[in-house]
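Step one of this worksheet: look at the structure below.
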Amino acid sequence: MTLFERIQELAKKRDKTLKDISLELGYSKNYLYTLQKQSPKAENLQVIADYFHVSTDYLLGRTSNPTLEEESLDYNSTKEFFAIQRKSKRLTQKDQQRLLKIMEATFDDLDNDDFEEDEDEDL
Numbered sequence: 118m119t120l121f122e123r124i125q126e127l128a129k130k131r132d133k134t135l136k137d138i139s140l141e142l143g144y145s146k147n148y149l150y151t152l153q154k155q156s157p158k159a160e161n162l163q164v165i166a167d168y169f170h171v172s173t174d175y176l177l178g179r180t181s182n183p184t185l186e187e188e189s190l191d192y193n194s195t196k197e198f199f200a201i202q203r204k205s206k207r208l209t210q211k212d213q214q215r216l217l218k219i220m221e222a223t224f225d226d227l228d229n230d231d232f233e234e235d236e237d238e239d240l
């Protein structure tokens with residue numbers, strides 16, 4: 118089974134189209150279809166594997182076991198996480214460093230229960 122066929126099968130199990138998944142991951146609507154003829158970059162392959170909660174080895178056909186070990190599951194595979202990841206790719210190195218400092222301060226506040234939730238949930 119090819120990479121594309123595995124992705125197609127996983128999408129079908131989720132009742133999603135390849136177009137929908139491509140867009141959710143921040144790719145062009147036809148990105149997953151291009152994998153019929155070309156290989157993805159390693160980072161894109163990992164994003165796809167994380168989305169489906171499978172290993173890259175499974176996607177590449179190196180193993181027939183799609184299940185990840187519990188400790189290796191990445192629970193950051195939400196739509197919001199992918200949106201942050203997609204948008205951060207467009208930032209300059211300086212802006213990425215600034216964002217990282219903001220995020221670290223926010224996580225520190227959360228760890229110390231000092232975080233005040235904003236009333237606006239559309240942030």
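For any residue, its number in my numbering is found by taking its place in the sequence shown, counting from 1, and adding 117. Even for Gly, the Cβ is constructed at its ideal location relative to N, Cα and C. Please read these numbers as outputs of a predicted model, since none were measured by experiment.
Check: Mark A200 as exposed unless 16 or more other C-beta atoms lie within 10 angstroms of its C-beta, in which case mark it buried.; Outcome: exposed
Check: Put Q155 into one of helix, strand or coil per three-state DSSP.; Outcome: coil
Check: Decide if I219 is buried, meaning its Cβ has at least 16 other Cβ atoms within 10 Å, or exposed.; Outcome: exposed
Check: Should L176 go down as buried or exposed, given a rule of 16 or more other Cβ atoms within 10 Å for buried?; Outcome: buried
Check: Run the CB neighbour count on D230, radius 10 Å, all protein chains shown included, and call it buried at 16 or more, exposed below.; Outcome: exposed
Check: On the three-state DSSP scale, how would you describe E188?; Outcome: Because E188 carries a pLDDT of 40, less than 50, the predicted location of this residue cannot be relied on, and the following value inherits that uncertainty. Three-state result, E188: helix.
Check: Going straight from the alpha carbon of K133 to that of K211, what length do you get?; Outcome: 37 Å
Check: Please report how far the alpha carbon of D226 lies from the alpha carbon of R215, in whole angstroms.; Outcome: 17 Å
Check: Distance check for F198 and Y148, CA to CA, integer angstroms please.; Outcome: 19 Å
Check: What number of angstroms, rounded off, separates the C-alpha of R203 from the C-alpha of K129?; Outcome: 24 Å
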